[in-house]
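Residue numbers for the sequence shown follow the numbering used here, so the first one is 108 and each next one is one higher.
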Amino acid sequence: MESFKSSQVSNWSVYGIPAFQDNYLWAIVHEPSKACMVVDPGCSKSVQDFLDSRGYHLSGILVTHHHMDHIGGIDALLSKAAKDLPVYGPASGRVAQVNRPVREGNAVDVHCLTARVFEVPGHTVDHLAYVIELKDTMNSEEVWMFPGDTLFSGGCGRLFEGSAEQMFESLQKLNQFPANTRVFCAHEYTESNLRFARAYSPDSKNIEAREIEVRRIREQGLSTIPTTLGVERLSNLFINATNPIEFKQIRTAKDNF
Numbered sequence: 108m109e110s111f112k113s114s115q116v117s118n119w120s121v122y123g124i125p126a127f128q129d130n131y132l133w134a135i136v137h138e139p140s141k142a143c144m145v146v147d148p149g150c151s152k153s154v155q156d157f158l159d160s161r162g163y164h165l166s167g168i169l170v171t172h173h174h175m176d177h178i179g180g181i182d183a184l185l186s187k188a189a190k191d192l193p194v195y196g197p198a199s200g201r202v203a204q205v206n207r208p209v210r211e212g213n214a215v216d217v218h219c220l221t222a223r224v225f226e227v228p229g230h231t232v233d234h235l236a237y238v239i240e241l242k243d244t245m246n247s248e249e250v251w252m253f254p255g256d257t258l259f260s261g262g263c264g265r266l267f268e269g270s271a272e273q274m275f276e277s278l279q280k281l282n283q284f285p286a287n288t289r290v291f292c293a294h295e296y297t298e299s300n301l302r303f304a305r306a307y308s309p310d311s312k313n314i315e316a317r318e319i320e321v322r323r324i325r326e327q328g329l330s331t332i333p334t335t336l337g338v339e340r341l342s343n344l345f346i347n348a349t350n351p352i353e354f355k356q357i358r359t360a361k362d363n364f
């Protein structure tokens with residue numbers, strides 16, 4: 108799959124850059140200046156090919172967590188970038204290239220847009236999400252969310268380090284935003300997530316409808332991401348869990364599916 112434009116508001120666009128088997132690296136571009144901030148550049152070649160093919164230049168990097176499929180391309184990109192290129196990420200020190208550590212409540216300037224930082228432990232203990240709230244020239248509101256491996260379409264990340272209680276609270280934190288929030292997940296897991304959801308909740312008409320829609324999208328070779336919080340509220344078992352105990356039961360069932 109080639110890189111694709113997934114959203115645009117006024118002068119700002121978000122592009123998806125496929126990498127590896129099922130990763131999406133996200134590029135936030137200010138079109139007039141050609142400045143591009145990349146989220147979780149796990150593959151330098153994929154990012155550099157995208158920049159070169161469209162005439163963009165790298166202006167910064169946002170890191171959600173330390174797994175190599177999210178940070179493996181940083182060194183190579185920095186070797187070709189401007190000196191002191193900002194690399195924002197967890198303040199834990201686990202990503203050596205981070206030179207602008209951020210925490211919950213901090214804000215990052217993304218080409219005159221503000222990305223709010225949220226700590227969302229669960230997949231890892233120091234996982235971050237970035238949320239940009241913006242308005243276009245018609246004054247209609249839109250929100251862009253970059254949750255890394257915390258929230259997926261139809262699912263959520265595995266609990267490699269954090270607890271079920273932490274992930275439950277992290278998902279509740281992300282779920283506070285409007286239904287039209289566009290969620291730029293880091294992996295194309297939607298089809299497999301919904302197969303599990305259908306097996307776990309076979310009577311849900313919303314999950315059935317979403318699974319049919321996703322199957323049609325994937326048969327055309329297209330991406331199911333971004334999703335929206337509205338879609339997830341109808342079809343994502345994890346974000347709809349009402350308490351940590353219910354969440355843990357669903358997560359355990361998915362891990363054994």
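Don't be surprised by glycine CBs; every beta carbon is placed ideally from N, CA and C.
**Request:** Write down the C-beta distance between VAL215 and PRO197 rounded to the nearest angstrom, noting that I regard them as a contact closer than 8 Å.
**Result:** Within the sequence shown, residue 215 is the residue found at index 108, counting from 1. Within the sequence shown, residue 197 is the residue found at index 90, counting from 1. Going by Cβ atoms, the distance from VAL215 to PRO197 rounds to 13 Å, so no, they are not a contact pair.
**Request:** With DSSP as the reference, please indicate the residues paired to CYS263 in a beta bridge.
**Result:** Your numbering for residue 263 matches position 156 in the sequence shown. Answer is LEU258.
**Request:** Could you tell me how far apart the beta carbons of ASP331 and THR297 are, in whole angstroms, since I believe they sit closer than 8 Å?
**Result:** What you label residue 331 is simply residue 224 of the sequence shown in a count that begins at 1. What you label residue 297 is simply residue 190 of the sequence shown in a count that begins at 1. It should be noted that the sequence gives Thr, not Asp, for residue 331. Contact flag correct, Cβ pair sits at about 4 Å.
**Prompt:** Per DSSP, ALA223 forms a beta bridge with which residues?
**Reply:** For the purposes of this step, residue 223 is taken as residue 116 along the sequence shown, with counting starting at 1. The sequence given here has Arg at residue 223, not Ala. In the DSSP secondary-structure assignment, ARG223 is bridged to ALA214 and VAL238.
**Asked** Counting Cβ pairs closer than 8 Å, one from the stretch 263-276 and one from the stretch 202-210, do we hit at least three?
**Response** Contact fails: fewer than three Cβ-Cβ distances are below 8 Å.
**The alpha helix (DSSP H) enclosing GLY337, as first and last residue numbers** = Here residue 337 corresponds to residue number 230 of the sequence shown, with the count starting at 1. In the DSSP assignment, GLY337 falls within the unbroken alpha helix (DSSP H) covering 336-342.
**Request:** Taking the CB atoms as reference points, tell me whether CYS292 and TYR122 lie closer together than 8 Å.
**Result:** Numbered from 1 along the sequence shown, position 185 holds the residue referred to as residue 292. Numbered from 1 along the sequence shown, position 15 holds the residue referred to as residue 122. Going by beta carbons, CYS292 and TYR122 fall outside the 8 Å limit.
**Item:** Assumed close pair ASN313, SER342 - CB separation to whole angstroms, cut-off 8 Å
**Value:** The count along the sequence shown starts at 1 and reaches residue 313 at position 206. The count along the sequence shown starts at 1 and reaches residue 342 at position 235. Taking the Cβ atoms as the reference, ASN313 lies roughly 5 Å from SER342, within the contact range of under 8 Å.
**Message:** Taking its Cβ as the centre, do 16 or more other Cβ atoms sit within 10 Å of ILE178, making it buried, or is it exposed?
**Reply:** As a working note, residue 178 is residue 71 in the sequence shown. So ILE178 ends up on the buried side.
**Prompt:** How is the alpha helix (DSSP H) around LYS141 delimited, first residue to last?
**Reply:** As a first step, residue 141 must be located in the sequence shown, where it is residue number 34. Note, LYS141: premise wrong, no alpha helix (DSSP H); not H, not E.
**Asked** What did DSSP end up calling PRO125 once you bin it into helix, strand or coil?
**Response** Here residue 125 refers to the residue found at position 18 when the sequence shown is read from its first residue. When DSSP states are grouped into helix, strand and coil, PRO125 belongs to the strand group.
**Asked** Roughly how many angstroms lie between the CA atoms of SER140 and GLY167, to the nearest whole one?
**Response** Along the sequence shown, one-based indexing puts residue 140 at 33. Along the sequence shown, one-based indexing puts residue 167 at 60. The straight-line gap from Cα to Cα measures roughly 14 Å.
**7 Å Cβ shell around VAL321 - same chain, five flanking residues per side excluded** = Mapped onto the sequence shown, residue 321 falls at position 214. Counting only Cβ-Cβ distances below 7 Å, and skipping sequence neighbours, we find THR297, GLU298, LEU301 and THR331.
**Asked** Do you know how far the Cα of LYS242 is from the Cα of VAL116?
**Response** Along the sequence shown, one-based indexing puts residue 116 at 9. Along the sequence shown, one-based indexing puts residue 242 at 135. VAL116 and LYS242 have their C-alpha atoms roughly 7 Å apart.
**Request:** Taking all protein chains shown into account, decide if ALA126 is buried (16 or more other Cβ within 10 angstroms of its Cβ) or exposed.
**Result:** Working through the sequence shown from its first residue, we reach residue 126 at position 19. Buried, because 16 or more other Cβ atoms sit within 10 Å of the Cβ of ALA126.
**Request:** Compute the beta-carbon to beta-carbon distance between ILE124 and SER153, rounded to the nearest angstrom, for a pair I have assumed lies under 8 Å.
**Result:** On the sequence shown, residue 124 is found 17 positions in, with the first residue counted as 1. On the sequence shown, residue 153 is found 46 positions in, with the first residue counted as 1. About 5 Å separates the beta carbon of ILE124 from that of SER153, a gap short enough to meet the 8 Å contact definition.
**Prompt:** Opposite ASN118 in the DSSP bridges: which residues?
**Reply:** To locate residue 118, count along the sequence shown from 1; it is residue 11. For ASN118, which the question treats as bridged, DSSP gives no partner whatsoever.
**Message:** Measuring only the C-alpha atoms, how far is TYR163 from CYS143?
**Reply:** Your numbering for residue 163 matches position 56 in the sequence shown. Your numbering for residue 143 matches position 36 in the sequence shown. Distance between the alpha carbons of TYR163 and CYS143: 6 Å.
**Prompt:** Are the beta-carbon atoms belonging to GLY337 and ALA286 less than 8 Å from one another?
**Reply:** Residue 337 sits at position 230 when you count from the first residue of the sequence shown. Residue 286 sits at position 179 when you count from the first residue of the sequence shown. Result yes, Cβ atoms of GLY337 and ALA286 sit closer than 8 Å.
**Message:** So within the stretch 131-218, which uninterrupted beta strand (DSSP E) runs reach at least 3 residues, ignoring any that extend past its ends?
**Reply:** Counting whole runs of 3 or more residues, the stretch 131-218 contains the beta strand (DSSP E) stretches 142-146, 164-169, 194-197, 207-209 and 214-217.
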